[in-house]
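**Q** I'd like to ask some things about the structure below.
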Amino acid sequence: MFWRSVVGKLAVTILLLVCFVLFLLTIFLLEFFENFHIQEAEEDLLQTATKVSVMVENHEDRSLIYETTERVKDPASKVIIEFSNGDIWASDTNDSNLTAINDNWFTKEMYIQEVLNSHDPIKKQIEVPNQELGVMLVGVAVPNTDAAVLIYQSLAIVDKTKAETTKIILLAAAVAIILTTIFAFFLSTRITSPLIKMREAAFDLTRGEFNTKVPILTHDEIGELAMAFNHMGRQLKFHINALRQEKEQLSSIVNSMADGVITLSRSGEIIATNRPAEMFMEAWEFEQNIEKSDGVRKLPKELLALFQEVIDGEKEVLEEITIQGRTWVMIMTPLYDQSYIRGAVAVMRDMTEERRLDKLRKDFIANVSHELRTPISMLQGYSEAIVDDIAETKEEKNELAQIIYEESLRLSRLVNELLDLASMEAGHLTLKTEMVEVEPYVDRIYRKFRGVAEEHHIELVLTKNMADSQAIFDPDRIEQVFTNLIDNAIRHTSEGGFVKVKVENDQNGLSVSVEDSGSGIPEEDLPFVFERFYKADKSRTRNKHVKGTGLGLSIAKNIITSHKGTITVKSKLNVGTTFNFQLPKTDEI
Numbered sequence: 001m002f003w004r005s006v007v008g009k010l011a012v013t014i015l016l017l018v019c020f021v022l023f024l025l026t027i028f029l030l031e032f033f034e035n036f037h038i039q040e041a042e043e044d045l046l047q048t049a050t051k052v053s054v055m056v057e058n059h060e061d062r063s064l065i066y067e068t069t070e071r072v073k074d075p076a077s078k079v080i081i082e083f084s085n086g087d088i089w090a091s092d093t094n095d096s097n098l099t100a101i102n103d104n105w106f107t108k109e110m111y112i113q114e115v116l117n118s119h120d121p122i123k124k125q126i127e128v129p130n131q132e133l134g135v136m137l138v139g140v141a142v143p144n145t146d147a148a149v150l151i152y153q154s155l156a157i158v159d160k161t162k163a164e165t166t167k168i169i170l171l172a173a174a175v176a177i178i179l180t181t182i183f184a185f186f187l188s189t190r191i192t193s194p195l196i197k198m199r200e201a202a203f204d205l206t207r208g209e210f211n212t213k214v215p216i217l218t219h220d221e222i223g224e225l226a227m228a229f230n231h232m233g234r235q236l237k238f239h240i241n242a243l244r245q246e247k248e249q250l251s252s253i254v255n256s257m258a259d260g261v262i263t264l265s266r267s268g269e270i271i272a273t274n275r276p277a278e279m280f281m282e283a284w285e286f287e288q289n290i291e292k293s294d295g296v297r298k299l300p301k302e303l304l305a306l307f308q309e310v311i312d313g314e315k316e317v318l319e320e321i322t323i324q325g326r327t328w329v330m331i332m333t334p335l336y337d338q339s340y341i342r343g344a345v346a347v348m349r350d351m352t353e354e355r356r357l358d359k360l361r362k363d364f365i366a367n368v369s370h371e372l373r374t375p376i377s378m379l380q381g382y383s384e385a386i387v388d389d390i391a392e393t394k395e396e397k398n399e400l401a402q403i404i405y406e407e408s409l410r411l412s413r414l415v416n417e418l419l420d421l422a423s424m425e426a427g428h429l430t431l432k433t434e435m436v437e438v439e440p441y442v443d444r445i446y447r448k449f450r451g452v453a454e455e456h457h458i459e460l461v462l463t464k465n466m467a468d469s470q471a472i473f474d475p476d477r478i479e480q481v482f483t484n485l486i487d488n489a490i491r492h493t494s495e496g497g498f499v500k501v502k503v504e505n506d507q508n509g510l511s512v513s514v515e516d517s518g519s520g521i522p523e524e525d526l527p528f529v530f531e532r533f534y535k536a537d538k539s540r541t542r543n544k545h546v547k548g549t550g551l552g553l554s555i556a557k558n559i560i561t562s563h564k565g566t567i568t569v570k571s572k573l574n575v576g577t578t579f580n581f582q583l584p585k586t587d588e589i
């Protein structure tokens, strides 16, 4: 059908648009020319009236005035002059319609009086009664006199000019419509011809003929569309090949995933699996004593019930399964074919290590809670004793206050060590390494602990072997390691015992050994001494001399590891313990 084709729609649209524009333009032009002709006629009459008024003012010879007026006026118009003494003179005219008008009618209608009373010229379009004749009237007063000049002509002249103008405009509009119709069909045909070829080429593409090309006949938008269509065919062929490759690549990725993946049909049959999923199924079958039927692996009943829940509820289901001592988390999600569920995909992840780490986290929280509860309980108890005046003497109150002070220091030390350890394990430890003179550095640390050792009647011995006088490390952090090791050694050594510190610095680096004659560490606890909150005393008892937090050795190990060094421990129960750490030699600051 012509009206359904692009040619017909485009041609009719252009034609209607042009007709609408021409219609509006014709109306505006007719209105404009009508007003223009009327204005021009009024101006011409006014100019003639002005000339006559000037003659009436300057000349007294009426015959001269009459003769000149007849010459200057338009033959189709008529002039009426009323002199100061009331005499009225009317000129001749070629228009028979104007001849039939009685000149006294203008005086009767007070038009002459209106001119005399008005300072400005008058312009009017009036209807002559009993004659159905419209006239254009212009009147001016003669300056410095009581005379007036009226000039009028029939509107038929203006109407005739208007009719001629209308005829020309309508003729131009008709020619424009004819040309527009021819142009619209020509343009529509030129546009739609390549489109028809593109439609045929599109049908070829649907049949898989991707080498089909559309001829490029022009270099305009239609030509660019043909180029784009040819490019689309090449890209479509490329993308189909790419999709084929992506399918193969996706299959390779799924097979190489660490997580198990099982694809299921709507009936619950296994469509595809990867190696981790097969291992999961094998472990399940081994534990449940399930045998394959005809070599075909089927979904176990427990998983089949989970699959049915996914299909019926149309939602994702999460399930945690423990098989052969390992924990698996299965996420089963429905697969859609638009709005229709065509199956499901199950992803299994081995969460055994994550569960172990989660247990470590819970143990860490329990240890922190216990370590904080003890000093807080002591602070609360001794402060209540002071508030309730249980301690009567000043010495007893000082003793309680000293205990509160020591416990607050211990609480502060625990919090600071927790913050340091968290920062180190998060990788936020920043070392400020510098060149350090080792001997005076070690002597200063020795002097700091010598008084504490003498207080506890423990012999503190420092041995130095300095092949190199300098070493590069972070002095504040290494001093923290020295402090932890020496302080632990003094606190766990009885009176009369010894603590020996041996420092060597040579071409292999800095080597430090801290040996004590204390209570020692049980052999079964040695692998865990560098863990957080390690306590050799499982009862977690506290006494006056041993008030550690269990974090010092863990912090020390992190500091030594950050220096790319090593720290080790050797111990015998009731004999003593020796801690050794080495820092490799480096030239980088």
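Okay, so the sequence shown: first residue is 1 according to the UniProt record's numbering, each after it adds one.
Think of the CB as a built atom: it goes at the ideal place given N, C-alpha and C, for glycine as much as any other residue.
1. Going by beta-carbon coordinates alone, are valine 135 and tyrosine 111 separated by less than 7 Å?
2. Where histidine 231 and glutamate 164 are concerned, what is the direct C-alpha to C-alpha distance, given to the nearest angstrom?
3. Distance, Cα to Cα, asparagine 574 vs lysine 359?
4. So, for asparagine 543: in the same chain, excluding its five sequence neighbours on each side, which residues have a beta-carbon less than 8 Å away from its beta-carbon?
5. Would you call the CB atoms of leucine 510 and leucine 583 closer than 7 Å?
6. Which residues bound the alpha helix (DSSP H) around lysine 247?
7. Go to alanine 163, then tell me how far its alpha helix (DSSP H) extends in each direction, as first and last residue.
8. Please tell me whether valine 329 and aspartate 259 are closer than 7 Å, where the distance is taken between their beta carbons.
9. Classify valine 72 as buried or exposed, calling it buried when 16 or more other Cβ atoms lie within 10 Å of its own Cβ.
10. Closest to phenylalanine 473 by C-alpha separation, out of Thr26, Thr561, Lys502, would be which residue?
11. Please work out which residues of its chain come closer than 6 Å, Cβ to Cβ, to alanine 489, disregarding the five sequence neighbours upstream and downstream, and give them in chain order.
12. Among all the DSSP beta bridges, which residues are the ones paired with tyrosine 152?
13. Whole angstroms are fine: how far does the CA of glycine 313 sit from the CA of serine 539?
14. Using C-beta distances below 8 Å, list every residue in its chain close to threonine 212, excluding the 5 sequence neighbours before and after it, in chain order.
15. Relative to the alpha-carbon of isoleucine 567, which residue among Leu526, Lys9, Ile27, Pro194 has its alpha-carbon at the smallest distance?
16. Along the alpha helix (DSSP H) that carries asparagine 505, what are the first and last residues, could you check?
17. Using CA coordinates, which residue listed in Ile376, Ile271, Phe186, Val415 is at the minimum distance from isoleucine 403?
18. Less than 8 Å between the CB atoms is what I'm expecting for asparagine 289 and asparagine 274, so what's the real figure, rounded?
19. What is the DSSP secondary structure of methionine 351, reduced to helix, strand or coil?
20. For alanine 277 versus isoleucine 262, is the C-beta spacing smaller than 7 Å?
21. Are valine 140 and serine 53 close, meaning C-beta to C-beta below 7 Å?
22. When the Cα atoms are used, what is the spatial distance from arginine 349 to isoleucine 331?
23. Could you give the DSSP three-state label for isoleucine 331: helix, strand or coil?
24. Just to confirm the assignment, what range does the alpha helix (DSSP H) spanning threonine 430 have?
25. Apart from the five residues on each side of it in sequence, which residues of its chain come closer than 6 Å, Cβ to Cβ, to lysine 123?
26. Compute the distance between the beta-carbons of valine 128 and isoleucine 101, then report whether it is under 7 Å.
27. Output the boundary residues of the alpha helix (DSSP H) element that contains glycine 552.
28. Within 10 angstroms of the Cβ of asparagine 505, are there 16 or more other Cβ atoms? Answer buried if so, exposed if not.
29. CB-CB under 8 Å to glutamate 70, same chain, minus the five flanking residues each way: which ones, in chain order?
30. I'd like the ranges of any beta strand (DSSP E) spanning at least 3 consecutive residues and lying wholly in the region 28 to 93.
31. Does any residue of chain C have a CB that is nearer than 7 Å to the CB of aspartate 92?
32. Are the CB atoms of alanine 147 and phenylalanine 83 nearer to each other than 7 Å?
33. Within the chosen definition, does the region 185 to 200 reach the region 19 to 30 through at least 3 CB pairs nearer than 8 Å?
34. Let me know if leucine 318 comes out buried or exposed under the rule of 16 or more other beta-carbons within 10 Å of its beta-carbon.
35. Looking only at its chain, what residues have a beta carbon closer than 6 Å to the beta carbon of glutamate 224, apart from the 5 residues adjacent to it on each side?
36. Span of the beta strand (DSSP E) holding residue 602?
**A** Reading from the atomic positions:
1. No; because the gap between Cβ atoms is not below 7 Å, this pair is not in contact.
2. Spanning the two alpha carbons is a distance of roughly 59 Å.
3. Near 33 Å, if we compare the C-alpha coordinates of lysine 359 and asparagine 574.
4. Residue placement at asparagine 543 is flagged as unreliable, the pLDDT there being 42, under the threshold of 50; the coordinate-derived value follows with that caveat. For asparagine 543, where only same-chain residues beyond five positions count, there are no Cβ hits under 8 Å.
5. Contact: yes.
6. Note, lysine 247: alpha helix (DSSP H), 221 to 256.
7. Alanine 163 -> alpha helix (DSSP H) spans 156 to 206.
8. In this structure, valine 329 sits away from aspartate 259, with a CB-CB distance that is not shorter than 7 Å.
9. Valine 72 is exposed by the Cβ-count criterion.
10. The shortest Cα separation from phenylalanine 473 among Thr26, Thr561, Lys502 belongs to Thr561.
11. Cβ within range, chain order: Val499, Val514, Asp516.
12. Beta-bridge pairing links tyrosine 152 to Lys78, Leu137.
13. Note that serine 539 has pLDDT 40, beneath the 50 cutoff, so the model's placement of it is unreliable and the number below is only indicative. Pairing serine 539 with glycine 313, the inter-Cα distance amounts to about 53 Å.
14. Correct list, in chain order: Ala201, Asp204, Leu205, Gly233.
15. The shortest Cα separation from isoleucine 567 among Leu526, Lys9, Ile27, Pro194 belongs to Leu526.
16. Asparagine 505 -> not in any alpha helix (DSSP H); beta strand (DSSP E) instead, spanning 498 to 506.
17. Considering only alpha carbons, the answer is Ile376.
18. Actually they are not in contact, since the Cβ atoms of asparagine 289 and asparagine 274 sit about 24 Å apart, beyond 8 Å.
19. Under the three-state reduction of DSSP, methionine 351 is assigned to coil, being neither helix nor strand.
20. Contact flag set, yes.
21. Their beta carbons are under 7 Å apart, which means valine 140 touches serine 53 by this criterion.
22. Arginine 349 and isoleucine 331 have their C-alpha atoms some 9 Å from each other.
23. Strand, per DSSP.
24. Here threonine 430 belongs to no alpha helix (DSSP H), and DSSP marks it neither H nor E.
25. Spatial neighbours of lysine 123 in its own chain (CB-CB distance under 6 Å, excluding positions within 5 residues in sequence) are listed in chain order as Glu42, Val138.
26. Using a Cβ distance threshold of 7 Å, valine 128 and isoleucine 101 count as a contacting pair.
27. 552 to 562 is the extent of the alpha helix (DSSP H) around glycine 552.
28. Counting the other CB atoms within 10 Å of its CB gives asparagine 505 a total of 16 or more, which places it among the buried residues.
29. Residues Ser91, Asp92 of the same chain have their beta carbon placed closer than 8 Å to that of glutamate 70, with the five preceding and five following residues left out of the count.
30. Here the runs fully enclosed are 77 to 82, 88 to 90.
31. Checking the listed chains, one finds no chain C in this structure; it contains a single protein chain.
32. Cβ atoms of alanine 147 and phenylalanine 83: closer than 7 Å.
33. By the Cβ rule, the region 185 to 200 does not count as touching the region 19 to 30, because fewer than three pairs are nearer than 8 Å.
34. Around the beta carbon of leucine 318, fewer than 16 other beta carbons lie within 10 angstroms, which makes this residue exposed.
35. Counting only residues of its own chain and dropping the five nearest sequence neighbours on each side, glutamate 224 has no CB closer than 6 Å to any other CB.
36. In this structure the chain extends from 1 to 589, so residue 602 is not present and cannot be described.
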